[in-house]
Amino acid sequence: MFRPVPTRPDLVGLEHELLGQWRERGTFAKLRAQNAGGPRWSFLDGPITANNPMGVHHAWGRTYKDLFQRFHAMLGADQRWQNGFDCQGLWVEVNVERDLGFTSKRDIEAFGIAEFVSLCKQRVLTYAARQTEQSTRLGMWMDWDDPDELRRLRDALAADPGQVVTIQGPNGPLTDTAEMLVGRLGHPELGGSYYTFSNENNDLIWGFLAECHRRGWIYKGHDSMPWCPRCGTGLSQMEMNEGYQDREDPGLTVRFPLVDRPGESLLVWTTTPWTLAANVAAAVGENLEYVRIRQGEASYWIGKGTLKQSVVGPFQVVESKPGSELVGWRYAGPFDDLPAVREAFAGGTRDAPDSPYEHRVVAWSEVGEDEGTGIVHIAPGAGAEDFQLGKSLGLPVIGPIDEDGRYYAGFDWLTGREAAAAAEAIVDDLERRGFFYHLAPYTHRYPHCWRCGTPLLFRLVDEWFISMGEVYDQPRETLSKEQLDASLRYQIMEVVDEIRWIPSFGYERELDWLLNMHDWMISKKRYWGLALPIYDCTACGTFDVIGGRGELRERAISGWEAFDGHTPHRPYVDEVAIACPGCGDSVRRIPDVGNPWLDAGIVPFSTLHYREDREHWERWFPADFITESFPGQFRNWFYAMLAMSTVLRRERPFKTIFGYATLFGEDGRPMHKSWGNSIEFDEAAERMGVDVMRWLYTSARPEDNILFGWHAADTARRRLLVLWNAYAFFVTYAKPAGWTPPADGRAPEAHDAATPMDRWILSRVAGLAATAEDRLLDVDPAATARLIDTFIEDLSTWYVRLSRRRFSRNADAADRDAAFSTLHTTLVALARIVAPILPFIADSMYQNLLPEDGGAAPESVHLTRWPTAELARFADPALESAMATARRVVDLARTLRGTAGLRMRQPLARLWLALPGADSAQVEQLLTLIAEEVNVKHIERIDDESSLVDRRVKPLLPKIGKRLGAAIPAVMTAARDGAFELNPDGSVTLGGVTLAPDEVEIQATPRPGTAVAHDEGLVVVIDTELTPTLRAEGDARELQRAIQDLRKDAGLDLDARIELWLEGVPAEVEPHLANVARETLADKLTRGAPAGDPGLPVTVELSGGSVRITLRSLQGGPGVE
RNA sequence: GGGGGAGUAGCCCAGUUGGUCAGAGGCGCCGAGCUUAUACCUCGGAAGUCGGAGGUUCGAGUCCUCCCUCCCCUACCA
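Numbering (my numbering), first residue to last: 23 to 1143.
Next comes the structure, spelled out in structure tokens:
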């Protein structure tokens, strides 16, 4: 017998109950066993950073991941079910530093790199455990590690990384040091999630880098690059893009006195005063016009087009020259006395190394007049483009700042000062020494460190790159094979062509990124991350890249013992030295760690055991499906995977990529704790329930941002409650009726007593299974949710509402059983269809709807197969179409009632109905249903000849438009006016043109002046005349309704018997009273006022007079039926 | 600066290869109705110069050109 179902479900409680049950019964393990050996469906999880608890935005993507895995499992697919954690990189370091109260890299060095790296690992394990628990709470089925074991490993690592620990793997226990067990997480012998810090992951990246080196694509760049002074490291191009923010800087205009033109100065504008100490040249545009202006005693050179924006106060133009004539002028720099400047200039230029360099004006094509003075301050040591220009001219370079963004020695009073903070002091200094001209705040977009938000500086550094290859100035289709082979970027593009991008604009975006991307900067001057296996010989300049741990052991000439037994991380790996292949000198690894996207990009290889088990890799590569949030990933995870797979295999790492947008707070702003619009995952799960959350996510259009909040959740929950209540309705009536499903748990063959309504809902659910399957196969979850939503609507507001009487107090047992059987079959099918999206509600419904002993049916909805094939026999499209027409008829009738002021409770004598051809026969069987629903006694069909309708011709424009052209307006006017002639052959002549039968549609349209409504040839007319009999019947129903309301107001139970007093019942209503009493469960009915005071009376106005109603509950009174 | 997307009712937005009173859907508002599974549902209503201006066409929300606004991607602008 079914468990009772509350109409207000405790969804959260139900979720916890099922989580416990799945765990106890090992439901997920049963699913995996059941599908083992099935056709593969390869999902590759984009690693979540194990650095904090997961947020509701993660739950969006994880809902997709889980629903597609579950769906494919229902199709019988064998899957890997492997979650991934991203472990290495600066974001973990920053948090560990914060916990320790560190402010700079020196603090880490002093603390000890080994201990620091260990803390990073511990943090990852902490949050991997936490996120595992949260994901499980979301209902996400994966091959999870036991969170307690992760914490045990973490604690062992903290206590002593060298201690020997035993841990249970899928194929038995495994014993190793704590450190090495952590390094082996996710490897086949341990199973579970993959971790990008694992030995295998790091080792394969080494292999990838060695392969790049073999092809000559790895190089060391010396350049002026964006640098975060807090983190003490440079940023790659992909990281730069994350952190552009508006920022106000000082817009400082300074004067550079010209050496050979006494009294005259250049005016130069900069937003970074700290770079003035590194000034080497002033650039002008050769083709721009420059003028000399006079202001009082002073005389300035400035771009003519910049006068308005740059000059302060009145001035006089006294002279004009093209920029080309300014080139070569010498000027006095603002910090020429600094030792660092003197020293740099002493070496002269590349072309004239013997004579000391002096500041001068140079030509630069990039100079413009939109901002500044048209004369650009050039500091090759403190700006990327400045560096390029300086390099091309062979100018000296002054690198003013160190890792922490402080001035080096040699900068006098500036030395040791933070460059960014020195602006004010520099302005004061310049003012004092006569270099100052003007200062105004200036707001612009400026790059910031994406991790810590610090404004970036440009700094001279050596970094390591993978060359992405030339950009050819020609269309991609015209490239020769040689050009292609020489340029990695175009090879990646070819791989991109082979991938299905959803939404489709992703394809263009990725190509656009690939075309414009710079070389991949892979080095980072930090501690926790991939140890770059680059060995750069200081003696001879040769460098080599080691392709794996094995190769390192072979090549090691010292330090191996210090590294052996450790994961490939700093500091231990740094100890190993190899012999330089160039000069034989002993060479150590460069201290840099790797770009973290290398870690995530290698997973199509590392997690599939590319090296250890090629057969396994071939079975699962390429992945069928990945899904991640679009923003950022084109240049991050997608890009890294594409680049690495192209280098290693020159083939696609995944076949389909499904992207989704960004999650914001309900107010449309990013979620921010201090803005009060932030919702934690745990809170959301326990307050709204995860099925509600999953429904909200699944329903969302993936390319649009989600505005997430409690209101949105309420909307989603409302939809689910409708589903729940259809189910609760079934159980409410099936229990007392003693109806039970067939023991085998299978849907019955069509029931003999099945009504058109039964056959309709079964056809609908069969169609739902097929269309939802189709939408999910096509990766369209939002459309799937819409289909389900519409179905729930149909089930609740049409099938259940109209069939209600068949379930309770139905004298016809066969009809009642047909209804139960139909609704049961429908609900079980629906539970299976929603199972991937709503795993909890679905399983709760399914299990409760199972036959008493379970029969042959699987014990959980998640062990069932997708039901399309089983339901196919119920499909009846013609009936569905007819039902749609019937529903439209009901709508039209309701409209007419509203217009005529006739309540639904008032029965009407007749309804006339004209149907367009197609559904006519099918609708015939629905006439009774329509009559009941619109409360009319008879329905009469009317045809074209009826006096109630006119015929109207609707020319089918798409068909005739091309043929008729300019004649169209005349034809349409004729059609509208009804000026047409029907020909015997079915053709129609109008507006002087004859249209073939298939070029027009003949529709019925109401003749003006009748009480009718119409829609696309459907015409409904109601008989508004009320006979006394009809009125009495209407009054009876009105009375009945009033009594029911009173019962509800009195808070009576559904089956409570009552005693009823009625005063003033009109004589015409008398014949109906027995029926009223039956419907309202009134055992005693008295005409007249009650003696005593049983309850508050109400008065209802009937057409025959007003009636006063009083009732009282009869506890356990005798039944009447 | 370059590339892409979007602008349709108070709000979120559908709108196919151009096809005739501009509307699928959701939220909200107003009115009415229905209802002891569903504080739910149904019907109706108000409300829009389809961002602006031209053009192509018998016909443009849809195609073309220019302009305005917003968003995203991208960029070395001091």
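Backbone N, C-alpha and C fix where the C-beta goes; we use that ideal spot for every residue, glycine too.
Small disclaimer: the values here were computed from a predicted structure and weren't measured.
Close Cβ partners of residue 433 (< 7 Å) along its chain, the five nearest in sequence each way excluded
299, 360, 362 and 422
On a CA-only basis, which of 851, 797, 669 and 928 is nearest residue 238? Give me that one, please.
669
Assuming residue 899 is part of the beta strand (DSSP E), what are its boundary residues?
Residue 899 -> not in any beta strand (DSSP E); alpha helix (DSSP H) instead, spanning 899-922.
Taking just the CA atoms, how far does residue 1047 sit from residue 920?
15 Å
Below 8 Å, can you find three or more Cβ-Cβ pairs linking the region 979-996 to the region 1010-1017?
yes
Restricting to Cα atoms, I'd like to know which of 182, 881, 545 and 925 is closest to residue 56.
881
With contact counted as at least three CB pairs below 8 Å, one residue from each stretch, are the region 563-572 and the region 755-765 in contact?
no
Anyone know if the C-beta pair for residue 1080 and residue 1103 falls short of 9 Å?
yes
If I measure Cβ to Cβ from residue 897 and keep anything under 6 Å in the same chain, skipping five residues before and after, which residues do I get?
785 and 788
With distances taken Cα to Cα, identify the nearest neighbour of residue 809 among 855, 779 and 826.
Nearest C-alpha to residue 809: 855.
Pairwise C-alpha distance: residue 824 and residue 109:
57 Å
Straight-line gap, residue 208 to residue 140 (C-alpha atoms, nearest Å)
19 Å
Suppose the cutoff is 7 Å on Cβ atoms and the five residues either side in sequence are ignored; what does the same chain contact list for residue 458 look like?
276, 449 and 452
Please return the same chain residues whose Cβ sits closer than 6 Å to the Cβ of residue 571, not counting the five positions on each side in sequence.
The beta carbon of residue 571 is closer than 6 Å to those of 225 in its chain, skipping five residues each way along the sequence.
With 16 other Cβ atoms within 10 Å as the buried cut-off, status of residue 466:
Taking all protein chains in view, the Cβ of residue 466 is surrounded by fewer than 16 other Cβ atoms within 10 Å, so the residue is classified as exposed.
Consult DSSP for residue 1144 and reduce its assignment to one of helix, strand or coil.
Summary: the structure shown does not reach residue 1144, with the chain confined to residues 23 through 1143, and so no result is reported for it.
CB contact flag (residue 935, residue 963, <9 Å)
yes
Given this structure, state the Cα-to-Cα distance separating residue 633 from residue 228, to the nearest angstrom.
12 Å
Kindly confirm or deny that the region 346-353 and the region 300-310 touch, where touching means at least three C-beta pairs closer than 8 Å.
yes
Three Cβ pairs or more, each shorter than 8 Å: is that satisfied between the region 266-276 and the region 371-384?
no
What's the call for residue 1005, buried or exposed, on a 16-neighbour Cβ count within 10 Å?
exposed
Apart from the five residues just before and just after residue 256, which ones in its own chain have a Cβ nearer than 6 Å to its Cβ?
The residues are 247, 249, 483 and 485.
Beta bridge counterpart(s) of residue 546 as assigned by DSSP:
615
Can you tell me where the beta strand (DSSP E) holding residue 379 begins and where it ends?
Element bounds for residue 379: n/a, residue is neither H nor E.
Complete beta strand (DSSP E) runs within the region 696-782 (minimum length 3 residues, chain order):
728-730
Residue 955 by DSSP, collapsed to three states: which one?
helix
Ends of the alpha helix (DSSP H) at residue 606?
First-last for residue 606: undefined, no H or E at that position.
According to DSSP, is residue 1135 helix, strand or coil?
Residue 1135 falls in the strand class under three-state DSSP.
Report the three-state DSSP secondary structure of residue 553 (helix, strand or coil).
strand
Measure how close the beta-carbons of residue 442 and residue 477 come, nearest whole angstrom, since I'm counting them as under 8 Å.
6 Å
Within 8 Å, do at least three Cβ pairs link the region 721-736 to the region 681-697?
yes
Do residue 739 and residue 714 have their beta-carbon atoms positioned less than 9 Å apart in this structure?
yes
Whole-number beta carbon distance between residue 105 and residue 164, since they are thought to touch under 8 Å:
4 Å
What separation, rounded to the nearest whole angstrom, lies between the Cα atoms of residue 606 and residue 583?
21 Å
Kindly indicate the opening and closing residues of the beta strand (DSSP E) around residue 267.
266-279
State the DSSP-derived secondary structure class of residue 331, mapped to helix, strand or coil.
helix
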